[in-house]
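With numbering that gives the first Met the number 0 applied, the sequence shown corresponds to residues 0 to 240, in that order. Beneath this line is the structure, given in structure tokens, with notes to follow.
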Amino acid sequence: MKKVFKIFGIVIASVAILLTTGIIILYNIGLSGMNKYKEAKDNQIKVACVGDSITYGHGISNWSKNNYPVKLQELLGDDYCVNNYGVSGFCVQDDADKPYSSVEAYRKGLDFDADILVFMLGSNDAKPYNWKGIDAFEEDYEKLLNSYLENNADLEVYLCTPATAFDDDVETSESSFDIQPSIVEEIAEFVREYAQEKGYKLIDINNLTEGRSDLISSDLIHPNKEGALEIAKEVAKNIKK
């Protein structure tokens with residue numbers, strides 16, 4: 000009986016080690032979905048980076064050091080507290096398969112009571128089964144954005160266009176993850192026009208990544224670590240104007 004218990008203990012320990020190792024590997028390449036949110040120190044300017052997998056840093060090597068909000072923190076320095084509220088696969092639209100307003104990161108972002116909001120969503124709305132047209136997108140975009148402003152009238156808002164989606168199949172004009180490049184471009188143009196109309200500051204990540212496949216990973220959608228750094232530089236440049 001003792002031998003059976005010993006073997007059982009070894010099996011349980013081995014499984015635990017494998018699970019822990021797997022989680023660490025997924026975490027290090029930005030596939031775990033795990034995140035930690037910092038508490039701002041006194042007098043720090045609070046920056047909330049809201050978005051999807053592009054903000055989260057899906058697939059980026061050494062994720063904890065290379066996702067764009069982490070690089071943004073480095074560029075802005077200790078006067079700022081930057082948190083990453085990106086969640087992979089989530090959308091602006093409430094009737095999409097994964098609405099951003101349903102996730103914990105959304106509620107955490109609201110509770111953070113940021114001084115600066117960097118808002119970059121829309122790529123996942125460009126999937127065929129999510130896209131209901133620009134009017135439906137605009138309605139939910141405005142509603143989601145305004146939820147951050149309801150109790151924070153002094154919030155400084157930066158609207159980001161979604162990164163370029165590179166064609167995987169020219170015939171169907173769909174990239175990896177079912178994201179339609181032509182719809183991403185339509186969303187990017189909407190964000191440009193909306194920012195101008197409402198008086199928000201614009202950070203044009205779509206323009207930054209246009210024609211720059213060297214900044215995008217092999218899945219054609221997500222920035223690699225060089226791309227994440229370039230996004231961070233573009234955001235920092237705008238915040239520090």
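Heads up, the beta-carbon is just placed ideally off N, CA and C, and yes, glycines get one too.
Item: Identified DSSP bridge partners for Pro222; Value: Ile215
Item: Proximal residues to Ile23 (C-beta, below 6 Å), its chain only, five neighbours per side dropped; Value: Legend: pLDDT at Ile23 = 37, less than 50; position of this residue unreliable, value from coordinates given subsequently. Nothing meets the Cβ criterion.
Item: Residue burial classification, Lys224 (beta-carbon count within 10 angstroms, cutoff 16); Value: buried
Item: Gly50 burial status per 10 Å Cβ neighbour count (16 or more: buried); Value: buried
Item: Cβ-based burial, Gln92 [other Cβ within 10 Å; buried from 16]; Value: buried
Item: Close-in-space but distant-in-sequence residues of the same chain around Lys239 (CB under 8 Å, 5 per side omitted); Value: Leu75
Item: Simplified DSSP assignment, three categories, for Asn150; Value: coil
Item: Residue environment, Asn150, which counts as buried when at least 16 other CB atoms sit within 10 Å; Value: exposed
Item: Contact check, Asn123 vs Gly88, beta carbons under 8 Å; Value: yes
Item: N- and C-terminal bounds of the beta strand (DSSP E) containing Val81; Value: Tyr79 to Gly85
Item: Buried or exposed by the 16-neighbour rule on C-beta atoms within 10 Å, applied to Asn61; Value: exposed
Item: Whole-angstrom distance between Tyr67 and Ala227, CA atom to CA atom; Value: 5 Å
Item: Any 3 or more C-beta pairs closer than 8 Å across the region 121 to 138 and the region 175 to 189; Value: yes
Item: Three-state secondary structure (DSSP) of Leu201; Value: strand
Item: Secondary structure of Leu120, DSSP reduced to three states; Value: coil
Item: Those residues which DSSP pairs with Gly58 across a bridge; Value: Paired residue(s): none; Gly58 is not in a bridge.
Item: Residue from Asn237, Asp218, Ile59 and Ser217 with nearest C-alpha to Ile204; Value: Asn237
Item: Test: Cys48 CB closer than 8 Å to a CB of chain D; Value: The chain labelled as chain D is not found in the depicted structure, where only one protein chain is given.
Item: Nearest-angstrom Cβ-Cβ length linking Phe136 and Ser212, presumed shorter than 8 Å; Value: That belief does not hold up - the Cβ atoms of Phe136 and Ser212 are roughly 26 Å apart, past 8 Å.
Item: Buried versus exposed call for Asp110 [16 or more other C-beta atoms within 10 Å across all chains shown]; Value: exposed
Item: Start-to-end residues for the alpha helix (DSSP H) that takes in Lys45; Value: That residue, Lys45, is in no alpha helix (DSSP H); its beta strand (DSSP E) goes Ile44 to Gly50.
Item: For Val69, the first and last residue of its enclosing alpha helix (DSSP H); Value: Tyr67 to Leu75
Item: Beta-carbon proximity of Leu201 to Ile230, cut-off 8 Å; Value: no
Item: Same chain only: Cβ atoms within 6 Å of Leu116, ignoring 5 sequence neighbours per side; Value: Ala47, Tyr147, Leu154 and Val156
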